[in-house]
Every structure is written in C-alpha cells, then in structure tokens.
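Presented below is the structure to which this report refers.
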Amino acid sequence: MKALAELLKGIRPEFDFSASRDFIADGMLDSFDMVTLVSTLDKTYGISIEGTDILPENFSSLETIAALLRKYHVAL
Amino acid sequence: MNFKFHHKRITGMLAVLPAREASFIDEMRNFNFPVSRSLKLKEVMGYDKHRLVEPGVCVSDLAVHGLQRLFDAGLLQPSEIDALLLVTQCPDYFMPPTSNIIQGRLNLKQDMLCLDINQGCAGFVIGLLQAFLLLEQECIRKVVLVNADVMSRKTSTKDRNSYPLIGDAASITIVERDAEDSLIHANLRMDGTRNEALMIPAGGFRLPSSAETAVLEDVGDNNFRGKDHLRMDGSAVFNFVQVEVPPMVEDLLALAGKRHEDVDYYAFHQPNKFMLQKLADKMKIPYAKMPMNVVERFGNSSGVTIPLAIVSNLAGQVTKERLFMCLAGFGVGLTWSSMLMPLGQLNFCEIVDYT
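Sequences listed follow chains A and B, in order. Here the first sequence stands for residues 15 to 90, numbered as in the numbering used here. Here the second sequence stands for residues 5 to 359, numbered as in the numbering used here.
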C-alpha cells in the first residue's frame, strides 16, 4: 500500500491520498490522471490493465486500486 | 450489420496536411495545468505535433488542393470521376453540399454524383462502404472518396482534453472495380442513444450560435470551452472503444474465416497512443502491426486518420505489394465499423502539404 501511495504522490504531489476515501469525488484524480496512473502501474508491475477496467470506481481509493492490481496477480 | 463485397479495390491514396505545425510543448502554457502533469500526458497519450489550418481555411480548400495535385500529376483525370463522396463534420456551409462546391471549383462533369456524408472517426470505413455500393452500378466506374475535417476551428484552445490531440487534414482515396476477386468483409454498429458523448452543442438549428454560446465556460478539470466548441466525454468515449471495438474485430475475423496471423497490418482510427495500445493489448496484436503514431506526428483528424496512418507508415509497401489489412473506425454517433480487405499495389500513396 505504501508503494501505491508513493506512485499516486508522484502523479499529484499536492494531495495527501491517505486523507481521502474517494479520490475521484474529492477531485484528486481526473480522467487524465487515471490514464497516467494506469500507464505507471503497467510499467511498474509489468502488466497491462485492460481498457474495460479503467473505470473511476477502480481508482477511487487505495483499496480499490489494490483490488484491481490483485486481479492482475500483483502482490502488494 | 455485416457486409461482403467482391471485385472492389483502392487504387490510390493521397493525404493533404496543412503546412502549419503546432507543438504541444509550445501550447502547454494555454492550459491551466502544472508543466509536470502535461509532460506526463504528452508521453502517455502521444501528444506532440499537430497540423492546423490557418484561419478561414475550409474543407473544400484542402480537397481542391489535393485533387488538383492529382490532376496536375496525371494520376487522376477529372472526366473519370463518376462519384465524389465527401465525409466531413466541417462543411463549408449548411447548404449547398460541400461536395458540390468541390465539383464546381474543379469544373468536374455534370454527369456524376456528389454526396456529403456527416460522419467522423468511423468515416473512412463508412465512406468505403458507400463507394463499394455505388460501384455496383454500371455507370459508376471510379469513386473519389474525400475525408476531410478542420475541427481545430471548433475546438477551444483552453480545453486540454481535446485541443492537443486535434489535427486538421484531408485524404483522397480512389476506389474502383477490381478484375481480381478481392473479397472484402465489413461490419458496422451504431448507437444513437449515446450521441452526446461527442458533439458540438451549438451552431445547428437546435441551438444556433450566439454571443452566449461563444462564451468560454469552466467545464471542470481546469478546462474552458463554449457551446460552439467540440465537447468530448473522454471517459465515456474511452470506455465505448474498449468495450465495443475488440469484439467487433473478432466477429469480423470469424465471419471472414481469418485469424490475426493472416492480417499484415491493423490500420485503426487514431484517437491517441494510450487507447490504441490498450486495444492492441486486449486483442494480443503486436504493436509493430498497428501504427499508433498519427496523433503525435499530425494530430487526430477524425475520419482522415486511417488513410493517414497508411500513407505515412506503409506507403513503401502498399505501392509495391498487396497487404491484407484490418481497418477499424469508431467515434461520433456513436458509430463503430471494421473492414478486412486486401490493399495494394496502389498507383500512388503520398502526402502533400497545403500552404
């Protein structure tokens, strides 16, 4: 989880992601940030998150992102 | 809806690009975003250069320039053109049809069909379908398919969701009968219930342009645009493409009795690099078989991107040999369509600048 929080910080350094329960609703990640995050996760973990999984609900919190990564067999 | 055609082929392709080239690096200051975020987007989406018309340049200007070039080079005779199909979302006027304007400016014969088709990113495949249908008629031997858009004129320079990727361009594709039995398969889907995902809200009869529709509004994410401008629901469009396009292509391959290994190249519409990489990954298509560089080199010019991907990446091959191609267009409407066809040996396959 800490590594994930660091990746998010690299994309939006101005936010404290641990203080939010919904990154999308709180305006911390927009659709282009999600694209940047997916590209970063793909490269970091050697996966390709499918386009149909790039939905706001999969990127709303550290827990939902972790759950998505587990789907691609990424151990956090 | 599935289609099958025999004895039809493309014999030449020309792309017309405005000479003016703009750079995302130079334009970043127009967007209210930190430079670091914009640079990350540049890398992921493939934003870099895009071609833009000068103020006042219209679709008919690009088309006439390209067709005159073909006439001058002896690659096309004006008298040969039995049908002129223009696929555009940027007509010179509401009326008359822009294809008639092109016909008039070039003094083409009266014994011909001029037809405007209002389509966007699927417009190349839609235009080919129409050309093939026309070629079933004895009186039509040569169809000139023009795809052209100057959408930069309807895109807010302060909308980072759209402006960096938009490009202006035209393409001219010559479509004729083929003595060989060149079997072509195509499929097509449309969903008008999602028509608002890509639209220009004002400027038609429903909401005429006015001082009010020209006002830039804060539309969130630090983007500003008016109702006169292109509005793209990026998330909805992305999801639509990822959900609908892979099964469409797989269905078409099955219909044609082909496998991915039989396809030499996948010339898909070019919305951005990220979206194409995700499609290729999903369908397990090697990146080398799917050109993805049109947005970074020229911008996304709607229905022109498929011919532009071919002309800018495969000209050396398609003028020498016959390739087996998979085309796919997807966008406004919503519309999505794909086609499996042999392509080559073309009589010409070139790019010219419009100055």
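Think of the CB as a built atom: it goes at the ideal place given N, C-alpha and C, for glycine as much as any other residue.
query                                                                                                                                                                                         : result
Whole-angstrom Cβ separation of B/S316 and B/I289, contact assumed at under 8 Å?                                                                                                              : At roughly 19 Å, the Cβ-Cβ gap does not stay under 8 Å, so B/S316 and B/I289 are not in contact.
Should B/V147 and B/M343 be called a contact, given that it needs their Cβ atoms to be closer than 7 Å?                                                                                       : no
From the DSSP secondary-structure annotation, give me the bridge partner or partners of B/C118.                                                                                               : B/L88
Please go through the same chain and pick out, in chain order, the residues whose beta-carbon is closer than 6 Å to the beta-carbon of B/G337, but skip the five residues on each side of it. : M194
Is the CB-CB distance between B/L138 and B/A87 below 7 Å?                                                                                                                                     : yes
Within the region 265-326 of chain B, note down every full beta strand (DSSP E) run reaching 3 residues or more, in order along the chain.                                                    : 269-272
State yes or no: is the beta carbon of B/S239 nearer than 7 Å to at least one beta carbon in chain A?                                                                                         : yes
Which residues does DSSP pair with B/V356 in a beta bridge?                                                                                                                                   : B/V20
So with Cβ pairs under 7 Å, would you call A/G65 a contact of chain B?                                                                                                                        : yes
I'd like the list of long-range same chain contacts for B/R55, defined as Cβ closer than 7 Å, with 5 residues on each side in sequence excluded.                                              : L21, P22, R24, E25, G171, D172, A173, F302, G303
Considering B/P346, what are the terminal residues of the alpha helix (DSSP H) in which it resides?                                                                                           : Note, B/P346: premise wrong, no alpha helix (DSSP H); beta strand (DSSP E) at 339-347.
Is the separation between the beta-carbon of B/L119 and that of B/I85 shorter than 7 Å?                                                                                                       : no
Can you name the start and end residues of the beta strand (DSSP E) that B/M194 belongs to?                                                                                                   : 188-194
Can a CB atom of chain B be found closer than 7 Å to the CB of A/F37?                                                                                                                         : no
Checking 7 Å against the spacing of the C-beta atoms, do B/R145 and B/N227 come in under that value?                                                                                          : no
Determine which residues of the region 253-269 of chain B have a Cβ less than 9 Å from any Cβ of chain A, and write them out in chain order.                                                  : none
I need the straight-line Cα distance from A/G24 to B/K162, nearest angstrom please.                                                                                                           : 25 Å
May I ask which residues mark the beginning and end of the beta strand (DSSP E) holding B/S27?                                                                                                : 25-27
In three-state terms, what does DSSP make of B/N104?                                                                                                                                          : helix
Could you work out which residues of chain B lie near A/D44, taking near to mean beta carbons separated by less than 7 Å?                                                                     : D225
Using the Cα positions of B/I121 and B/N34, report the straight-line distance between them to the nearest angstrom.                                                                           : 34 Å
Looking at the structure shown, is B/S175 part of a helix, part of a strand, or coil, going by DSSP?                                                                                          : strand
Just checking: is the beta-carbon of A/V88 within a distance shorter than 7 Å of some beta-carbon in chain B?                                                                                 : no
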